[in-house]
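S.K.:
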Amino acid sequence: MHIMNSTAQNSSDHKEAAMNEKIYKAMSRSGVSNLIIGIILIATGVGCGILAIISGARLLKRRGEITF
415 MHIMNSTAQN SSDHKEAAMN EKIYKAMSRS GVSNLIIGII LIATGVGCGI
465 LAIISGARLL KRRGEITF
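Its first residue numbered 415, the sequence shown is counted upward by one per residue in our numbering.
As structure tokens, this is what we get:
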């Protein structure tokens, strides 16, 4: 009887370890994905900011060319 309980316990431990490994891998993938998305968003934001500054500077530079 004791052997069967030990076998059942080992099976339960194995299932729990497999589930923990799946959770660990899922969290790793999620973390990497979030980092990549964050880097892309930062780069996009900086790019948009630079384009807005350049566009504003061009408008200010050419405002004297307007004739009424």
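Cβ atoms here follow ideal geometry from the backbone N, Cα and C, with glycine treated the same way.
#1: Output the distance between the C-alpha atoms of L473 and I480, rounded to the nearest integer angstrom.
#2: Is I450 helix, strand or coil when you go by DSSP?
#3: Suppose you measure from the CA of N424 to the CA of E435; what does that come to, to the nearest Å?
#4: For a test of the three-state rule: what should DSSP assign to T481, helix, strand or coil?
M.R.: The relevant details are as follows:
#1: 11 Å
#2: helix
#3: 16 Å
#4: coil
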